[in-house]
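Student: Right, I'll just put the structure down here and ask away after.
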Amino acid sequence: MQFNKIIFIMNNKNKQELEFEDIDLFLDNFISYCESINKLNKKLAKRKIRNPNFPSEISENIVKYYIQKTEGKKTNWNIKSGDLIVNDKIIEVKAFTSNGPSSFGPSEKWNEIFFVDATNFKTKTFKIYNVKLSNNNEIWGNIKINSKQTYKSQCKEKRRPRIAFRYIKSQISNYVNKIFDGTLDKLK
89 MQFNKIIFIM NNKNKQELEF EDIDLFLDNF ISYCESINKL NKKLAKRKIR NPNFPSEISE
149 NIVKYYIQKT EGKKTNWNIK SGDLIVNDKI IEVKAFTSNG PSSFGPSEKW NEIFFVDATN
209 FKTKTFKIYN VKLSNNNEIW GNIKINSKQT YKSQCKEKRR PRIAFRYIKS QISNYVNKIF
269 DGTLDKLK
């Protein structure tokens, strides 16, 4: 089974970056795993198995390959702090496969953030949105998480802000740019 190969790839300490083929294989395995869960759920009467979160190793590398292909900038994924580094800028990447919220660490730091809409991951189709605001930017900090609190106020309380991308987009639409809408192979 191909799944064993991807586990080796992810655990290989000598590997500095994942190749495009690694990401494609990992995505194939994730799709297969989710399809297996869906088949099992059809057999279960009451309790359902929840699909896992979309793997950050895939979404972060989707953004990495987008930046390298379109901007020609060296992008590092295998780093200690942040999701990606581009020219000393910390890049945060969030992916979603549903209308559910993304979760943010209260001390997460970034210079800009990308959102990967993976709602059509089973067809390897993705949308990438870029928001050129840092976590410290006043506009970002004032995003309403609920009727009483902002992103910044929840972070000050050391709470993890949770908000769906559609609510972020509706509040700061002037700063949200769709930069890619296509299949994974277009990033090769």
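Counted from 1, the sequence shown has number 158 at position 70 by my numbering; the numbering is strictly sequential. Idealized CB from N, CA, C, for every residue including glycine. Predicted model, so just to flag it, every value in this text is computed and none were measured.
1. Nearest-angstrom Cα distance between N265 and A133?
2. Are there 16 or more other CB atoms within 10 angstroms of the CB of E147, so buried, or fewer, so exposed?
3. Counting Cβ pairs closer than 8 Å, one from the segment 224-232 and one from the segment 154-161, do we hit at least three?
4. Just confirm the distance between the C-beta atoms of E200 and K168, as a whole number of angstroms; I'd bet it's less than 8 Å.
5. On the DSSP bridge list, what partners appear for T163?
6. Roughly how many whole angstroms lie between the Cα atoms of F202 and K127?
7. I267 by DSSP, collapsed to three states: which one?
8. For L272, which residues from the same chain have a beta carbon less than 6 Å from its beta carbon, with the 5 sequence-adjacent residues on both sides left out?
9. Quick one: using the 10 Å Cβ neighbour count with 16 as the cut-off for buried, is D269 buried or exposed?
10. Check I216 in the structure and name its three-state DSSP category.
11. For N208, report the span of its alpha helix (DSSP H) as first-last.
12. My assumption, with CB atoms under 8 Å, is that K152 sits in contact with L172. Please give the rounded CB distance.
13. Please name the residue in K236, K257 and F114 whose C-alpha comes closest to that of S190.
14. Less than 8 Å separating the beta-carbons of K215 and I119?
15. Using only CA atoms, which one of D112, I111, A183 and N141 lies nearest to I38?
16. Would N164 and L106 be called neighbours here (beta carbons separated by less than 8 Å)?
17. Within 10 angstroms of its Cβ, does I137 collect 16 or more other Cβ (buried), or is it exposed?
18. How about F184 and F253: are their beta carbons less than 8 Å apart?
19. Can I260 be considered in contact with the ligand FMN, in the sense that its beta carbon sits closer than 7 Å to one or more heavy atoms?
Tutor: By the coordinates alone:
1. When rounded, the distance between both Cα atoms is 43 Å.
2. The amino acid occupying residue 147 in the given sequence is Ser; Glu does not appear at that position. By the 10 Å Cβ count, S147 comes out buried.
3. no
4. At roughly 19 Å, the Cβ-Cβ gap does not stay under 8 Å, so E200 and K168 are not in contact.
5. V174
6. 32 Å
7. strand
8. K212
9. exposed
10. strand
11. Counting along the chain, N208 sits inside no alpha helix (DSSP H); it lies in the beta strand (DSSP E) bounded by residues E200 to N208.
12. Cβ atoms of K152 and L172 come within 8 Å of each other, at about 6 Å.
13. K257
14. no
15. Because the chain here runs from 89 to 276, residue 38 falls outside it and cannot be looked at.
16. A distance of 8 Å or more separates the beta carbons of N164 and L106.
17. exposed
18. In this structure, F184 lies near F253, with their beta-carbon atoms less than 8 Å apart.
19. Looking for the ligand FMN in the displayed structure turns up nothing, as the structure carries no ligands at all.
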